[in-house]
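To start, the structure under review is shown below, and the notes come after it.
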């Protein structure tokens, strides 16, 4: 009887590991959406994503527009100009954004300062410290580095413990696409999540 319970528990742990929503395998999956917080200027090859931290109670309020654990993946054509319009209305918790290289498996960084940033200028001021009740335009060119695999980035809250607890979105720079879009992976969200901003 004890052995049976032990095997069932072990099987449950294996399932939890395989289907863990923070696993980087969620990056790149999902339903294609055109959210209200994305503004595209095709003529000038410019896209603005307004990212509001602590948008709702999802993930203990550690989210962007209600998305977390990579449940939204921002897809941008190579060479486009990007503005991550970062807004933190939270007066209790500091938050930030930094576009960092996507990690392997469960090796999620616990914090991210400007040394982890994967694309030049793609981070808010002092990302490891964050800010309270603040706004910042984070502007950069979506350009892949030769030593990184195309598409494997994330928009990560660099404040210690935040990104590691799921406060991150996918960010992909792709060749061969004409316009930006967002993928919404509902399977990365907890059961009973509040509706994110669409």
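In my numbering, the protein residues as written are 30 to 227. Note that CB positions come from ideal geometry on N, CA and C, so glycine has one too. Nothing here was measured: the structure is a model prediction, and the numbers come from that model.
Residues of the same chain with a CB within less than 6 Å of the CB of residue 70, apart from the 5 flanking positions on each side, do not exist. Take residue 189, set aside five residues on each side of it, and the residues of its chain with a beta-carbon closer than 8 Å to its own are 139, 140, 157, in chain order. Three or more beta-carbon pairs separated by less than 8 Å are not found between the stretch 199–215 and the stretch 85–93, which leaves the two stretches without contact.
Under the three-state reduction of DSSP output, residue 216 falls in the helix class. Taking the CA atoms as reference points, residue 207 sits about 30 Å from residue 134. Put simply, of 219, 101, 92 the residue whose alpha carbon is nearest the alpha carbon of residue 119 is 92. Its chain contains 115, 125, 126, 165, 167 as the residues whose beta carbon lies nearer than 6 Å to that of residue 153, once the 5 sequence neighbours on both sides are disregarded; these appear in chain order. Straight-line measurement puts the Cα of residue 72 at about 27 Å from the Cα of residue 94. Taking the Cα positions, residue 81 is about 25 Å away from residue 173. Taking 8 Å as the upper bound for CB-CB distance, residue 209 and residue 67 are in contact here, some 7 Å apart.
Spatial neighbours of residue 108 in its own chain (CB-CB distance under 8 Å, excluding positions within 5 residues in sequence) are listed in chain order as 74, 170, 171, 172. Cβ-Cβ distances below 6 Å link residue 100 to 214, 217, 218 in the same chain, with the five nearest sequence neighbours on each side left out; the list follows chain order. When the five nearest sequence neighbours on each side are left out, the beta carbons in the same chain lying within less than 6 Å of the beta carbon of residue 150 are those of 169, in order along the chain. Checking the DSSP bridge columns, you'll see residue 199 partnered with 102, 183. In this structure, DSSP gives residue 145 a helical state, which the three-state scheme calls helix. DSSP places residue 127 inside the beta strand (DSSP E), whose first and last residues are 127–130.
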